[in-house]
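Chains A and B supply the protein sequences, listed in that same order.
Residue numbering for the first sequence is 1 to 265, as defined by this note's numbering.
Residue numbering for the second sequence is 1 to 251, as defined by this note's numbering.
From the three backbone atoms N, C-alpha and C, an ideal C-beta is built for every residue, glycine too.
A quick write-up on the structure given underneath.
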Amino acid sequence: MGAPMTQMQLDVTSEPEVLLDRVTKTFKTDQGPIEVLTPLSLSVAAGEFLVVVGRSGCGKSTLLRLIAGLEQTSSGRILLGHEPVNGPSRERGMVFQDFTSFPWLTVAENVAFGLRLRNVADDEVVLAVTRWIAEVGLDGFANYYPGRLSGGMQQRVAIARTLANEPRLVLMDEPFGSLDAQTRWQMQDLLVRLRKTNRFTVVFVTHDVEEAVFLGDRVAVLSPRPARLLREFVVPFGTDRDRSVTKSNVFLEVEREVLMELRVR
Amino acid sequence: MSRRNDLLLASTPLMGLLALWCLLTYTGAVAPLFLPSPTAVIRAGWLMFVHERFSDDVLLSLARVFGGFLASVLLAVPFGLVIGSSARMDVVFAPLFGFIRYIPATAFIPLVILWFGIGFLQNVVLVFISIFFYLALLVGDSARAVKQDLVDTALTLGAERRQVLVRVVLPRAMPDIWNSMRTMFGVGWTMIVVAELVGAETGVGAKIIHAQRFLQTPKVLAGIFVIGMLGAACDLTFRALHRAFFPWAHL
Numbered sequence: 001m002g003a004p005m006t007q008m009q010l011d012v013t014s015e016p017e018v019l020l021d022r023v024t025k026t027f028k029t030d031q032g033p034i035e036v037l038t039p040l041s042l043s044v045a046a047g048e049f050l051v052v053v054g055r056s057g058c059g060k061s062t063l064l065r066l067i068a069g070l071e072q073t074s075s076g077r078i079l080l081g082h083e084p085v086n087g088p089s090r091e092r093g094m095v096f097q098d099f100t101s102f103p104w105l106t107v108a109e110n111v112a113f114g115l116r117l118r119n120v121a122d123d124e125v126v127l128a129v130t131r132w133i134a135e136v137g138l139d140g141f142a143n144y145y146p147g148r149l150s151g152g153m154q155q156r157v158a159i160a161r162t163l164a165n166e167p168r169l170v171l172m173d174e175p176f177g178s179l180d181a182q183t184r185w186q187m188q189d190l191l192v193r194l195r196k197t198n199r200f201t202v203v204f205v206t207h208d209v210e211e212a213v214f215l216g217d218r219v220a221v222l223s224p225r226p227a228r229l230l231r232e233f234v235v236p237f238g239t240d241r242d243r244s245v246t247k248s249n250v251f252l253e254v255e256r257e258v259l260m261e262l263r264v265r
Numbered sequence: 001m002s003r004r005n006d007l008l009l010a011s012t013p014l015m016g017l018l019a020l021w022c023l024l025t026y027t028g029a030v031a032p033l034f035l036p037s038p039t040a041v042i043r044a045g046w047l048m049f050v051h052e053r054f055s056d057d058v059l060l061s062l063a064r065v066f067g068g069f070l071a072s073v074l075l076a077v078p079f080g081l082v083i084g085s086s087a088r089m090d091v092v093f094a095p096l097f098g099f100i101r102y103i104p105a106t107a108f109i110p111l112v113i114l115w116f117g118i119g120f121l122q123n124v125v126l127v128f129i130s131i132f133f134y135l136a137l138l139v140g141d142s143a144r145a146v147k148q149d150l151v152d153t154a155l156t157l158g159a160e161r162r163q164v165l166v167r168v169v170l171p172r173a174m175p176d177i178w179n180s181m182r183t184m185f186g187v188g189w190t191m192i193v194v195a196e197l198v199g200a201e202t203g204v205g206a207k208i209i210h211a212q213r214f215l216q217t218p219k220v221l222a223g224i225f226v227i228g229m230l231g232a233a234c235d236l237t238f239r240a241l242h243r244a245f246f247p248w249a250h251l
């Protein structure tokens, strides 16, 4: 079963950066096998922000973990560029819902973590760390331990740490799901702002439809488990958007349709 | 204020014990041979340090404990990390360690004397046996307690398996491991006295058993107090270093 191709005008010119080709995933448990993904095909263009929405437990986190290489597909293949995904790598950085700042490292050391792993030269590390701490708005907190930071600030650390490592693809698994509404909006605005000045490709998972439409270039709706692709929606705001688009008719229209799609099944 | 209260509370049982001791001895209720008075014990301790080079024995005992302790730590920490982060290694080693762990280290004394004779090496080996297996399993538990999310994060930042162990699992688990080390140092410290009681000519334990043979009860008690005080001092040092080494774990 192919994805509904009609909605995918974005990548007709270029080859997809990420390609999921009839991917399935079945977990073996003591109670028997659990099918999480039925054949699922999906592609993401370079520089695109794809948001995957679905109800809780539908398998969208599993989808991200498969792309990250943290889980193995049961069948089908996942390609990044022309390379098949085969285990985790720094090319596919991930931001998790739970706060994963390394508590024994300062903010600066956290941001430097990926660069230090591959022995990047000191001055280059300092440059990148300074830049990304500023980009995510953590100036003045470089020498703080994460234990002193709020949840929102810890997620800023996680985002800076991932982007400083210059992955080809950024995977975000409900990164703002544990934050209060106010902070969640701030973090969404931060992501939009980062996208204006930096080019990176994102697959972002959430169950918050407003968040999905506000952030995404495209929103893919998954069915309840076992997950399959129900429909994709193109969000036509580009990278130059701000909070005001959420009042526009187009936004409300897409939001309503996504909600319908989620509710009907 | 509350600190002072704590101190008061903590010293109450000690003071009570001391008072009871004074009452039993200074009134002559118990013969000095069985329980000498505090003054006699302090005098005996003083004489041991001044005339019998007891400080040498103390240092020697400390050296033996530290020798066995360091050897245990150096082997148990990497071993425990591997057991704790690899299900396969856990399957291979956990049953063996669980078995050996329940054999009291003292049961190995005859064998260790047979293999290593009497003296420094034999003492160190006994301390090692008493610490290593427990510590390895405790380190394994600490490693297992590290959240998978942290490991996954490191993997998606490009960490290899060994880097995950050294740069994530070890530093995250280190405060816990340090606490286990503190506890196991105490075990080693009790072990050294036993080891010296049966298999050494020198050291605090040897001095105690020597004094007992000559019915020098004050010396026995003085030796016991020195052991207790040194143990407490080591424990306090470990705690202080925990704060110094792992400030992030005290936020």
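Residue i touches chain B at which residues, Cβ-Cβ below 7 Å?
| i | result |
| --- | --- |
| ASP98(A) | ASP149 |
| PRO88(A) | LEU155, THR156 |
| ARG22(A) | In chain order: nothing, as chain B lies at least about 24 Å away. |
So if DSSP puts residue i in a beta bridge, which residue, or which two residues, is it bridged to?
| i | result |
| --- | --- |
| VAL203(A) | LEU50(A), LEU171(A) |
| ILE266(A) | Because chain A spans 1 through 265 in this model, residue 266(A) falls outside it and cannot be assessed. |
| GLU83(A) | LEU80(A) |
| LEU42(A) | LEU20(A) |
| LYS25(A) | LEU37(A) |
| LEU229(A) | LEU222(A) |
Can you tell me where the alpha helix (DSSP H) holding residue i begins and where it ends?
| i | result |
| --- | --- |
| LYS60(A) | 60-68 |
| TYR134(B) | 120-144 |
| ASN179(B) | 170-199 |
| GLU166(A) | Unbroken run through GLU166(A): none, as it is neither H nor E. |
| PHE116(B) | 109-116 |
| ASP139(A) | Neither: ASP139(A) is in no alpha helix (DSSP H) and is coded neither H nor E. |
| GLU109(A) | 107-117 |
| GLN148(B) | 148-156 |
| ILE103(B) | It is not in any alpha helix (DSSP H) - ILE103(B) carries neither H nor E in the DSSP assignment. |
| LYS207(B) | 204-213 |
| PRO78(B) | 54-85 |
| ALA212(A) | 209-215 |
| VAL164(B) | 161-164 |
Using DSSP with H/G/I as helix, E/B as strand and the rest coil, what is residue i?
| i | result |
| --- | --- |
| VAL18(A) | strand |
| GLY32(A) | strand |
| PHE237(A) | coil |
| PHE246(B) | coil |
| THR183(A) | helix |
| GLY45(B) | helix |
| GLU71(A) | coil |
| SER150(A) | coil |
| PHE99(A) | coil |
| TRP132(A) | helix |
| VAL258(A) | helix |
| VAL192(A) | helix |
| ALA3(A) | Low per-residue confidence applies at ALA3(A): pLDDT is 41, beneath 50, and the placement is therefore not dependable enough to give any value. |
| PHE93(B) | helix |
| TRP104(A) | coil |
| THR246(A) | helix |
| PHE251(A) | helix |
| GLY231(B) | helix |
| ALA160(A) | helix |
| GLY177(A) | coil |
For the beta strand (DSSP E) that contains residue i, what are its first and last residues?
| i | result |
| --- | --- |
| ARG218(A) | 218-222 |
| ARG92(A) | 92-95 |
Please list the partners that residue i has in chain A, where partner means a Cβ-to-Cβ separation under 7 Å.
| i | result |
| --- | --- |
| TRP248(B) | PRO103, TRP104, TYR145, GLY147 |
| LEU251(B) | TYR145, GLY147, ARG148 |
Pick out whichever of the options has its Cα sitting closest to the Cα of residue i.
| i | options | result |
| --- | --- | --- |
| ALA206(B) | LEU20(B), SER130(B), ASP56(B), ARG88(B) | ASP56(B) |
| LEU284(A) | MET172(A), VAL107(A), TRP104(A), LEU40(A) | Chain A is shown only over 1 to 265; residue 284(A) falls outside these bounds and no answer can be derived. |
| ARG225(A) | SER61(A), LEU105(A), VAL111(A) | SER61(A) |
| PRO88(A) | ILE67(A), LEU79(A), GLN97(A) | ILE67(A) |
| MET181(B) | VAL41(B), GLY16(B), ALA136(B), ALA31(B) | ALA136(B) |
| GLU174(A) | GLY152(A), SER223(A), THR106(A), PHE27(A) | GLY152(A) |
| GLY81(A) | ARG116(A), PRO16(A), GLN97(A), VAL111(A) | PRO16(A) |
| LEU20(A) | GLU83(A), GLY177(A), PHE113(A), THR29(A) | GLU83(A) |
I want to verify the contact list: residues of chain A whose CB lies under 9 Å from the CB of residue i, in sequence order.
| i | result |
| --- | --- |
| ARG172(B) | PHE102, PRO103, TRP104 |
| ASP152(B) | ARG65, ALA68, LEU70, PRO88, MET94, PHE96, THR100 |
Against residue i, what residues of chain A qualify as contacts under a CB-to-CB distance less than 8 Å, listed in chain order?
| i | result |
| --- | --- |
| VAL168(B) | PHE102 |
| LEU165(B) | By Cβ distance, chain A contributes nothing, its closest Cβ being about 13 Å from LEU165(B), past 8 Å. |
| LEU241(B) | Here the premise fails: no neighbours, minimum Cβ distance about 16 Å. |
Counting only Cβ pairs nearer than 8 Å, list the residues of chain B close to residue i.
| i | result |
| --- | --- |
| ASN165(A) | LEU157, GLY158 |
| GLY114(A) | LEU157, GLY158 |
Could you tell me which chain B residues have their CB closer than 9 Å to the CB of residue i, listed as they occur along the chain?
| i | result |
| --- | --- |
| ARG225(A) | By Cβ distance, chain B contributes nothing, its closest Cβ being about 21 Å from ARG225(A), past 9 Å. |
| LEU268(A) | Since the displayed chain A opens at 1 and closes at 265, residue 268(A) lies outside it and no answer follows. |
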